[in-house]
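Participant: So the sequence lines, in the order shown, correspond to chains D and G.
When we follow the UniProt record's numbering, the leftmost residue of the first sequence carries the number 1, and every step to the right adds one.
When we follow the UniProt record's numbering, the leftmost residue of the second sequence carries the number 1, and every step to the right adds one.
Cβ atoms here follow ideal geometry from the backbone N, Cα and C, with glycine treated the same way.
All of these numbers come straight from a predicted model, not from anything done at the bench.
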Amino acid sequence: MIFQLALKNLWAGRLRTWLNLLVLSLTLGTMIFIQALMEGTLEQMLKARMAEEVGGGQLWFGPYDPLDPLSLEKANGPLPPEVALAVDRGEATVVLALFGTAYPQGRMTSVVLKGINPNQSVLALSFAPLAQAPPSVALPVMVGERMAKQLSLAVGDRFTLLWRAQAGAFDALEVQLVGLFSTQVPSMDQGQLWFRLEDLQRMNGTAGQASLVVFRHHPPASQGVWTAKSPETLMQDSIEMMATKSAGNRLFYLLLLMLSLLAVFDSQALAVFRRRKEVGTLMALGFSNQKILALFLAEGMGLGLLASLLTLAWGWPLAGYLVREGLDFGVSGDSYGMALSSRFYPAFSAQMVLESFGIVNLLVSLVSFLPLRKITGLSPADAIRGNWL
Amino acid sequence: MATEALIQAKGLDKIYPVGDQQFYALSQVDFTLGAGEFTGLVGPSGSGKTTLLNLVGVLDQPSHGDLEVFGRSAARLSAQEAASLRAQSIGFIFQSYNLLPVYTVFENVELPLLLLGHPASQRRKWVAEALEWVGMSEKSRERPSRLSGGQAQRVAIARAMVKRPSLVLADEPTANLDSENSHLILSTLAKINRETGASFLFSTHDPKVIGYLRRQVSLKDGRIESDRWLGEPGQTKG
Numbered sequence: 001m002i003f004q005l006a007l008k009n010l011w012a013g014r015l016r017t018w019l020n021l022l023v024l025s026l027t028l029g030t031m032i033f034i035q036a037l038m039e040g041t042l043e044q045m046l047k048a049r050m051a052e053e054v055g056g057g058q059l060w061f062g063p064y065d066p067l068d069p070l071s072l073e074k075a076n077g078p079l080p081p082e083v084a085l086a087v088d089r090g091e092a093t094v095v096l097a098l099f100g101t102a103y104p105q106g107r108m109t110s111v112v113l114k115g116i117n118p119n120q121s122v123l124a125l126s127f128a129p130l131a132q133a134p135p136s137v138a139l140p141v142m143v144g145e146r147m148a149k150q151l152s153l154a155v156g157d158r159f160t161l162l163w164r165a166q167a168g169a170f171d172a173l174e175v176q177l178v179g180l181f182s183t184q185v186p187s188m189d190q191g192q193l194w195f196r197l198e199d200l201q202r203m204n205g206t207a208g209q210a211s212l213v214v215f216r217h218h219p220p221a222s223q224g225v226w227t228a229k230s231p232e233t234l235m236q237d238s239i240e241m242m243a244t245k246s247a248g249n250r251l252f253y254l255l256l257l258m259l260s261l262l263a264v265f266d267s268q269a270l271a272v273f274r275r276r277k278e279v280g281t282l283m284a285l286g287f288s289n290q291k292i293l294a295l296f297l298a299e300g301m302g303l304g305l306l307a308s309l310l311t312l313a314w315g316w317p318l319a320g321y322l323v324r325e326g327l328d329f330g331v332s333g334d335s336y337g338m339a340l341s342s343r344f345y346p347a348f349s350a351q352m353v354l355e356s357f358g359i360v361n362l363l364v365s366l367v368s369f370l371p372l373r374k375i376t377g378l379s380p381a382d383a384i385r386g387n388w389l
Numbered sequence: 001m002a003t004e005a006l007i008q009a010k011g012l013d014k015i016y017p018v019g020d021q022q023f024y025a026l027s028q029v030d031f032t033l034g035a036g037e038f039t040g041l042v043g044p045s046g047s048g049k050t051t052l053l054n055l056v057g058v059l060d061q062p063s064h065g066d067l068e069v070f071g072r073s074a075a076r077l078s079a080q081e082a083a084s085l086r087a088q089s090i091g092f093i094f095q096s097y098n099l100l101p102v103y104t105v106f107e108n109v110e111l112p113l114l115l116l117g118h119p120a121s122q123r124r125k126w127v128a129e130a131l132e133w134v135g136m137s138e139k140s141r142e143r144p145s146r147l148s149g150g151q152a153q154r155v156a157i158a159r160a161m162v163k164r165p166s167l168v169l170a171d172e173p174t175a176n177l178d179s180e181n182s183h184l185i186l187s188t189l190a191k192i193n194r195e196t197g198a199s200f201l202f203s204t205h206d207p208k209v210i211g212y213l214r215r216q217v218s219l220k221d222g223r224i225e226s227d228r229w230l231g232e233p234g235q236t237k238g
C-alpha cells in the first residue's frame, strides 16, 4: 500500500518530480559514462599493448631491464631449447635489444636498437619493409611514426649509428630508413630503431642470442637466467596509472552526485513543509508515524528507482552507440604517454550499472529521510494543527 | 442516558506551557459519551472544545486525569496502538475537509480501508456505499479541487464513515459552509447516526449544529459549564 501511495504522490508531483528525475538521471548517466570510459580506456590500452608489445607474456634474459639502457650491454643470451622450438613453430618471436647513439642530420640522440624477425606474426606490427629491403641497402632500419616525427626522418633517409658490441668495441655504420610503422604503443616507438634480427645479432657478434622472447599465448615458466613475465606484470604501470585517474574521476562524480542529492533534499524538505497538513490528516486517519515516514521514504526511493529506469531508457541506446562507434575527443593518448588512439570506446558492464544504481538509490533514500526526522516524534494533535515545521 | 460508554473521562487536565506560565486548556473535566449519541461540545473559541476532541480521538494525551476510550486507558496506549485505534474505530471530520488533493474522491474515501488492509472488492463495495450515503457517487472520479465546499465536506464524511467506525469526531464541520450546505451536511450526519448507530461528537459554536444535537456539553475556559440532553437519547433530530 505504502509504495502504491508513494508512486501516486510522485506522479501527482508533476514538474517537481520530473525535475528531480532529470537531475538524478543525468547524474546517474554521467557516473556510469565516466566509469565506462575509464574501463574502456584501460581495456583499449591493455588490448593495444598486448597486441603490439606484450603478447601473451614474455621471457626476459637475466639483467634485461627496458628502463635501464645500461643493462642492455649484457642483456642477451642463447635461447633455451624448448623456447627455440616455440620460436620455430611461430608461437613466439625473439627481440634483441642494444644501446646505441644515432646521428640523424648531424644531431645526436640515444636510441635502443631492437632486432626482430620481420616476418613474425606474434606482434600486430608490420616490419615487412625490413624483409623487403633491396640488397643495395646495407643496413635497413625502421622506426615508428612518432620517432620519425621526433627526429624529422623520412623513408630513404640515411644516418650514422654508433653502438658498443658484445666484445666491448665501439662500431659505427650508416643505416637507411626503409619504412615507418604505426603503433598505439609509445614504448614500441619512441627512442627505438628496429632492425632485422640477424643484422643486429651480427652487429653485436651474438648470433642466435636474444634479450627477450614474446609469446603468442602464455610463456613457459622461468628457466635459468630467463625470467617469465606475465602480461599483468608487464602492464602493471598502465593498470596503476588508470587506477590513479579513476580515483580522480570518482571525486568528480561524487561532487556531481552531491549536487543532485542537494536538489533532492531541497525538494523533499519543501514537500514535507507543503504537506504538513496532509501528515496530520494521515495521522488522524490512523497512519502511525512510522507509516508516514515510510510513505515519504518510499517516495524518495521511488524517485531513485524511476531515475534508474529513466537512465536505462535513454542510456541503453546511447551506450550501444558509443560502444559501437566510440567517441573522438580529437586528442590521442600520445600526449599523456598512453597507448591509445584518439577514438575512445567506453566499456559498460552490468556490475558497474547496478553498483551505480545501488549507490544512487541508497543515497537518495538517505537524503529523503533527513527532512522527515521530525515526523518520528510528532504528536498527531500538533500534526493536525499543521504548524509543526 | 446511553447504555454503553465509549468514552469515560474523569478529572481531565490538559496543560500547555506558555513561557514560564501554565495554561490550562482543560481543567477537571468529567465526561462520558455513550453509543449512538449525537453530542456537541459547544463554546466560544479557546474554551477547550478541540482540545477535548483531540483527547477523545487519542490524538493527544491528557496532562492529568483518567481517560478511557473504548474501554482502554488512553495513558497506556503506545503511539502505535493509538494509531491503530483511530484507524479501526474513530472517524474524523475536519473544518477544512482535509481531503488529499492528489487523490480522486474515490481514492480519498478508500484510504482508510487501504490502511486497514481490506481486499479490493470489499473496498470498492464499501466506498460505493459510503459515497451513496452522502450523495457523491457521481463525483467519485473527480479531484477535490473540482468540488464545492459542501461537496468536499460530504466526501470527508464518506471518508470518516467508510470503515464503519463506532465514533465520529467532527471539528467545526460547518464552519466553512453556507447555510444550505450546513443543513445538508448536518441532516446527512443525523441520518447516518440513525442508520449506523455510530456516536457523533461535534465541536462547534454554530447555532445550526446545535439545532441538530441531542446532547449539548457547554465548555468555558476549559471547564464543563453545563451538560444537558436536548432530546431523547437514541432519537436524533433533523
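1) Going by DSSP, name the residue or residues bridged to M136 (chain G).
2) Which residues of chain G have a Cβ atom closer than 7 Å to the Cβ of I384 (chain D), listed in chain order?
3) Thinking C-alpha only, which one of G:L55, G:H205, G:F38 and G:N108 is nearest S27 (chain G)?
4) In this structure, does DSSP put D93 (chain D) in helix, strand or coil?
5) Taking Cβ to Cβ, would you say A35 (chain G) is nearer than 8 Å to L6 (chain G)?
6) Assuming L72 (chain D) and L200 (chain D) make a contact with CB atoms under 8 Å, what is their CB distance in whole Å?
7) Does N9 (chain D) get closer than 8 Å to chain G when you measure Cβ to Cβ?
8) Taking C-beta to C-beta, are P78 (chain D) and G208 (chain D) nearer than 8 Å?
9) Using a Cβ cut-off of 8 Å (strictly closer), state whether S288 (chain D) contacts chain G.
10) Have a look at D:Y253, D:M38 and D:Y103 and flag the residue whose alpha-carbon is nearest the alpha-carbon of M31 (chain D).
11) By Cβ distance below 7 Å, which residues in the same chain neighbour L295 (chain D) in space, the five residues on each side in sequence not counted?
12) Cβ atoms of V364 (chain D) and G213 (chain D): under 8 Å apart, would you say?
13) Under the three-state reduction of DSSP, which class applies to A2 (chain G): helix, strand or coil?
14) Does the pairing of the stretch 153 to 173 of chain G with the stretch 203 to 217 of chain G give three or more beta-carbon distances under 8 Å?
15) With the cut-off set at 8 Å, would you say R214 (chain G) and F31 (chain G) are in Cβ contact?
16) Spell out whether any CB of chain D is found under 8 Å from the CB atom of M1 (chain G).
17) I need the boundaries of the beta strand (DSSP E) containing R276 (chain D), first residue and last residue.
18) State the Cα-Cα distance for the pair S166 (chain G) and L285 (chain D), rounded to the nearest angstrom.
19) Closer than 9 Å, Cβ to any Cβ of chain C: which residues of the stretch 59 to 87 of chain G, in chain order?
20) Residues in the stretch 93 to 106 of chain G with C-beta within 9 Å of chain D's C-beta atoms, listed in sequence order?
21) Using a 10 Å radius around the Cβ and a threshold of 16 neighbouring Cβ atoms, would you call M1 (chain G) buried or exposed?
22) For L193 (chain D), which of D:D171, D:L161, D:F369 and D:N76 has the nearest alpha-carbon?
23) How many angstroms separate the CA atom of G234 (chain G) from the CA atom of V134 (chain G)?
24) Would you check if the stretch 42 to 61 of chain G and the stretch 73 to 91 of chain G touch, i.e. whether three or more CB-CB distances between them fall below 8 Å?
25) If you compare alpha carbons, which of D:P346, D:L309 and D:M203 is closest to W18 (chain D)?
26) Let me know the secondary structure DSSP gives D88 (chain D) once reduced to three states.
27) Please report the straight-line C-alpha distance between R343 (chain D) and R158 (chain D), rounded to a whole angstrom.
28) Taking its Cβ as the centre, do 16 or more other Cβ atoms sit within 10 Å of F170 (chain D), making it buried, or is it exposed?
29) Along chain D, which residues have their Cβ under 7 Å away from the Cβ of N54 (chain G)?
30) Determine the direct distance from the alpha carbon of T50 (chain G) to that of V29 (chain G), and round the result to whole angstroms.
31) Within 10 angstroms of its Cβ, does G115 (chain D) collect 16 or more other Cβ (buried), or is it exposed?
32) On a CA-only basis, which of D:F273, D:M108 and D:L130 is nearest N117 (chain D)? Give me that one, please.
33) Using DSSP with H/G/I as helix, E/B as strand and the rest coil, what is E174 (chain D)?
34) Scan the stretch 289 to 376 of chain D and note each continuous alpha helix (DSSP H) run of 4 residues or more that stays entirely inside, going in chain order.
35) Taking L113 (chain G) as part of the beta strand (DSSP E), name the residues at either end of that continuous run.
36) Answer with buried or exposed for A319 (chain D), where buried requires no fewer than 16 other C-beta atoms within 10 angstroms of its C-beta.
Facilitator: In short:
1) Taking the first residue of the second sequence as position 1, residue 136 (chain G) is located at position 136. DSSP lists no beta-bridge partner residue for M136 (chain G).
2) Locating residue 384 (chain D) in the first sequence gives position 384, where the first residue counts as 1. What I384 (chain D) touches in chain G: L59.
3) Mapped onto the second sequence, residue 27 (chain G) falls at position 27. S27 (chain G) has its Cα closest to that of G:L55, out of G:L55, G:H205, G:F38 and G:N108.
4) Taking the first sequence and counting its residues from 1, one reaches residue 93 (chain D) at position 93. According to the sequence shown, residue 93 (chain D) is Thr rather than Asp. Note: T93 (chain D) maps to strand in three-state DSSP.
5) Position 35 of the second sequence, counted from the start, is the residue given in the question as residue 35 (chain G). Position 6 of the second sequence, counted from the start, is the residue given in the question as residue 6 (chain G). Taking 8 Å as the cut-off, the beta carbon of A35 (chain G) is found closer than this to the beta carbon of L6 (chain G).
6) For the purposes of this step, residue 72 (chain D) is taken as residue 72 along the first sequence, with counting starting at 1. For the purposes of this step, residue 200 (chain D) is taken as residue 200 along the first sequence, with counting starting at 1. Not a contact, Cβ separation roughly 11 Å.
7) Taking the first residue of the first sequence as position 1, residue 9 (chain D) is located at position 9. It does: the Cβ of N9 (chain D) has a partner Cβ on chain G nearer than 8 Å.
8) Residue mapping note: residue 78 (chain D) aligns to position 78 of the first sequence, counting from 1. Residue mapping note: residue 208 (chain D) aligns to position 208 of the first sequence, counting from 1. A contact, by the Cβ cut-off of 8 Å.
9) Taking the first sequence and counting its residues from 1, one reaches residue 288 (chain D) at position 288. S288 (chain D) counts as touching chain G.
10) Working through the first sequence from its first residue, we reach residue 31 (chain D) at position 31. Nearest option by C-alpha distance: D:Y253.
11) To locate residue 295 (chain D), count along the first sequence from 1; it is residue 295. Closer than 7 Å at Cβ, skipping near neighbours: I2, L5 and A6.
12) The count along the first sequence starts at 1 and reaches residue 213 (chain D) at position 213. The count along the first sequence starts at 1 and reaches residue 364 (chain D) at position 364. Correcting the residue identity first, residue 213 (chain D) is Val in this sequence and not Gly. The answer is no: Cβ separation not under 8 Å.
13) Taking the first residue of the second sequence as position 1, residue 2 (chain G) is located at position 2. Because the pLDDT at A2 (chain G) is just 44, under 50, the model does not fix this residue reliably, and the value given afterwards should be weighed accordingly. Residue state for A2 (chain G) is assigned as coil, using DSSP reduced to three classes.
14) Segments in contact, yes.
15) Mapped onto the second sequence, residue 214 (chain G) falls at position 214. Mapped onto the second sequence, residue 31 (chain G) falls at position 31. Against a cut-off of 8 Å, the Cβ pair of F31 (chain G) and R214 (chain G) comes out as no contact.
16) Walking along the second sequence from the start, residue 1 (chain G) turns up at place 1. Only weak support exists for where M1 (chain G) lies, its pLDDT of 44 falling under 50; the coordinates are left without a value.
17) Within the first sequence, the letter at position 276 stands for residue 276 (chain D). Note, R276 (chain D): premise wrong, no beta strand (DSSP E); alpha helix (DSSP H) at R276 to L285.
18) Locating residue 166 (chain G) in the second sequence gives position 166, counting from the first residue. Locating residue 285 (chain D) in the first sequence gives position 285, counting from the first residue. Taking the straight line joining both Cα atoms gives about 14 Å.
19) Going by chain labels, chain C is absent from the structure shown, which instead holds the protein chains D and G.
20) F94, S96, N98, L99, L100, P101, V102 and Y103
21) Reading the second sequence from its first residue, position 1 is the one you call residue 1 (chain G). Any reading at M1 (chain G) must be qualified, since the residue scores a pLDDT of 44, below 50, and its modelled position is unreliable; no value is offered.
22) For the purposes of this step, residue 193 (chain D) is taken as residue 193 along the first sequence, with counting starting at 1. Cα-wise, what sits closest to L193 (chain D) is D:L161.
23) Here the question's residue 234 (chain G) lines up with position 234 in the second sequence. Here the question's residue 134 (chain G) lines up with position 134 in the second sequence. Note that G234 (chain G) scores a pLDDT of 49, beneath 50, so its modelled location is shaky and nothing firm can be said.
24) yes
25) Here the question's residue 18 (chain D) lines up with position 18 in the first sequence. It is D:L309.
26) Against the first sequence, residue 88 (chain D) aligns to sequence position 88. D88 (chain D) falls in the helix class under three-state DSSP.
27) Here the question's residue 343 (chain D) lines up with position 343 in the first sequence. Here the question's residue 158 (chain D) lines up with position 158 in the first sequence. Cα to Cα, R343 (chain D) sits roughly 34 Å from R158 (chain D).
28) In the first sequence, residue 170 (chain D) corresponds to position 170, counting from 1. In the assembly as shown, F170 (chain D) is an exposed residue. Its beta-carbon has fewer than 16 other beta-carbons within 10 Å.
29) Taking the first residue of the second sequence as 1, we reach residue 54 (chain G) at position 54. By Cβ distance, chain D contributes A381.
30) Position 29 of the second sequence, counted from the first residue, corresponds to residue 29 (chain G). Position 50 of the second sequence, counted from the first residue, corresponds to residue 50 (chain G). Approximately 13 Å between the Cα atoms of the pair.
31) For the purposes of this step, residue 115 (chain D) is taken as residue 115 along the first sequence, with counting starting at 1. Buried is the call here.
32) Working through the first sequence from its first residue, we reach residue 117 (chain D) at position 117. Nearest C-alpha to N117 (chain D): D:L130.
33) In the first sequence, counting from the first residue as 1, residue 174 (chain D) sits at position 174. Note: E174 (chain D) maps to strand in three-state DSSP.
34) 289 to 325, 350 to 369 and 373 to 376
35) Position 113 of the second sequence, counted from the start, is the residue given in the question as residue 113 (chain G). Looking at the DSSP string, L113 (chain G) is not in any beta strand (DSSP E); the run it does join, the alpha helix (DSSP H), is V105 to L116.
36) Here residue 319 (chain D) refers to the residue found at position 319 of the first sequence. Buried is the call here.
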